[in-house]
Amino acid sequence: MPRRRELISYHLLFGLSSPVIVYCLLYWILPDSLLLKNPLDVLFSLRTLVRGDSSFHIIATLTRWLSCLTAAVLLGVIAGTLARVNRHIWLVLRPAVDFLRSTPAVTYAAFCMILVPLGMVVPVTAIVANGTIMIVYTALALEHGLKQEDRLLVARCLKARGVRLYMDVILPGALPVILDGVQVIVSLSLIYTIMLEAVIGGSRYGIGVLVFELKSALRLSEMYALIYVSGVLGFAANVTFSQLRSRLHPWVEEGNHE
Numbered sequence: 002m003p004r005r006r007e008l009i010s011y012h013l014l015f016g017l018s019s020p021v022i023v024y025c026l027l028y029w030i031l032p033d034s035l036l037l038k039n040p041l042d043v044l045f046s047l048r049t050l051v052r053g054d055s056s057f058h059i060i061a062t063l064t065r066w067l068s069c070l071t072a073a074v075l076l077g078v079i080a081g082t083l084a085r086v087n088r089h090i091w092l093v094l095r096p097a098v099d100f101l102r103s104t105p106a107v108t109y110a111a112f113c114m115i116l117v118p119l120g121m122v123v124p125v126t127a128i129v130a131n132g133t134i135m136i137v138y139t140a141l142a143l144e145h146g147l148k149q150e151d152r153l154l155v156a157r158c159l160k161a162r163g164v165r166l167y168m169d170v171i172l173p174g175a176l177p178v179i180l181d182g183v184q185v186i187v188s189l190s191l192i193y194t195i196m197l198e199a200v201i202g203g204s205r206y207g208i209g210v211l212v213f214e215l216k217s218a219l220r221l222s223e224m225y226a227l228i229y230v231s232g233v234l235g236f237a238a239n240v241t242f243s244q245l246r247s248r249l250h251p252w253v254e255e256g257n258h259e
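In C-alpha cells, the structure reads:
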C-alpha cells in the first residue's frame, strides 16, 4: 500500500508539473516570441482566473461535461447490450457505429445544428461521439464475457437463465472492458465538450467559449492559464476514476482482464 501511494503521488506531481516545465523551457528557448508570455504573468492570471468571473465558465463546462458523460455511458452500455443480444444485429450495426466513432465530432456537429436547437448542439454531439465509443467497448466486453465458457457452464448447471445469467455471470465478466471504455471517454468527453464550445458556441458560458474570447482579445496569459486549468480538470477526472475503478474491480490488475 505505501508503494502504491508513492506511485500515485509521483503520478500526480509529475502530471501537474510537466506542462509547467515544458512552458518554462519554451519561454527560455524562445524569449523573443510574442506568443509566449512570462510564466509569472501566467501564474498571476491563474490566480485571478480562479477567483474571478471565469468560475462561471468552468462550472458551466463541468456541468455540461458530467451530463454528457453520464448520457454517453448509459447510451453505450444499453445500446451495446442490445446489439449483442443478437449476433446478426451487431453485424449490421457495427459498420455505422465504427463510421461515427471514426468521424471527427466537429464535422457532424454541423449536421446536428440542423436537427436540434443551437444550445443543444454541443451536448448532443458530445453524447453521440462518446456514446459510439462506449457501444463498441460494451459489445466487445459482452463478447469477452460470453467466451468465459467455464463460468457459463457452471451457471447453467445451477439453472441460471435470462436476466439472472446476464446480471450474475456475463456482466461481471464483461465489467473490466466496460470500465476500460469509461476510462477512455472520461477525459475524451471533456476534450470534446471544450472543443465544441469553442467551435460551435451556442452558449454564453464555457471554457471553450472563454478561450476563444481570450484569444481574440490577445489576452494570452489568461488563455494559457485557462488551458492549464482545463488540463488539470481532465487529469483530475482521469485519476479519480482510476482510483474508483480500482475499488470497484480490485481483483483485476491493470492491463489484465483474464
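So the sequence shown is numbered by the working numbering: it starts at 2 and just counts up by one.
In this text, a Cβ means the ideal position worked out from N, Cα and C, and glycines have one as well.
Bear in mind that the values here come from a model prediction, so they are computed numbers and not experimental data.
Cutoff 7 Å; reference residue i; Cβ partners in own chain excluding five residues on either side
| i | result |
| --- | --- |
| PRO20 | TYR229, GLY232 |
| ILE179 | VAL78, TYR138, THR139, ALA142 |
| ALA238 | VAL187, SER188, LEU191 |
Of the residues the options, the one placed nearest residue i, counting alpha carbons only
| i | options | result |
| --- | --- | --- |
| ALA1 | PRO177, VAL117, TYR109, LYS38 | Since the first residue shown for the chain is 2 and the last is 259, residue 1 is missing from the structure and cannot be characterised. |
| THR71 | ILE30, LEU191, LEU50, HIS12 | LEU191 |
| PHE15 | ILE90, THR241, PHE236, ARG248 | PHE236 |
| ARG102 | ILE60, GLY182, ARG52, ASP54 | GLY182 |
| VAL129 | VAL240, LEU75, THR82 | LEU75 |
| ASP99 | GLY81, SER34, LEU31 | GLY81 |
| LEU36 | ALA127, ALA218, ILE90 | ALA218 |
| ARG246 | ASP54, PHE213, GLN184, ARG220 | GLN184 |
| TYR206 | ASP54, LEU17, LEU94 | ASP54 |
Residue i versus residue j - alpha carbon distance
| i | j | result |
| --- | --- | --- |
| CYS25 | LEU176 | 42 Å |
| MET224 | HIS58 | 13 Å |
| VAL78 | PHE45 | 44 Å |
| SER56 | LEU92 | 46 Å |
| MET114 | GLY120 | 9 Å |
| PRO124 | GLY203 | 11 Å |
| THR241 | PRO40 | 28 Å |
| ARG48 | LEU215 | 16 Å |
| ARG65 | LEU31 | 37 Å |
| TRP29 | ASP42 | 14 Å |
| ILE90 | ARG220 | 52 Å |
| ALA106 | LEU211 | 20 Å |
| THR104 | LEU27 | 33 Å |
| ILE22 | THR126 | 34 Å |
| PRO118 | ASP33 | 45 Å |
Burial state of residue i, where buried means 16 or more other Cβ atoms lie within 10 Å
| i | result |
| --- | --- |
| GLN244 | exposed |
| SER222 | buried |
| ARG248 | exposed |
| THR133 | buried |
| LEU13 | exposed |
| ALA73 | buried |
| LEU111 | According to the sequence as given, residue 111 is Ala; it is not Leu. That one is exposed. |
| VAL122 | buried |
| THR108 | exposed |
Residues of its chain near residue i, where Cβ-Cβ distance is below 8 Å and the 5 sequence neighbours each way are ignored
| i | result |
| --- | --- |
| GLY209 | THR62, THR194, ILE195, MET196, LEU197, GLU198, ALA199, VAL200 |
| GLY256 | Summary for GLY256: the model assigns pLDDT 43, below 50, so the residue's position carries little reliability; its value from the coordinates is reported in the next sentence. Excluding residues within five positions, none has a Cβ falling inside 8 Å. |
Residues of its chain near residue i, where Cβ-Cβ distance is below 6 Å and the 5 sequence neighbours each way are ignored
| i | result |
| --- | --- |
| SER68 | none |
| ILE136 | GLY77, ALA80, GLY81, VAL98 |
Assigned secondary structure, residue i (DSSP; H/G/I helix, E/B strand, else coil)
| i | result |
| --- | --- |
| LEU141 | helix |
| ASN39 | coil |
| VAL117 | coil |
| PRO96 | helix |
Short CB-CB distance (under 9 Å) between residue i and chain D
| i | result |
| --- | --- |
| TRP91 | In summary, chain D is missing from the structure at hand, where a single protein chain is found. |
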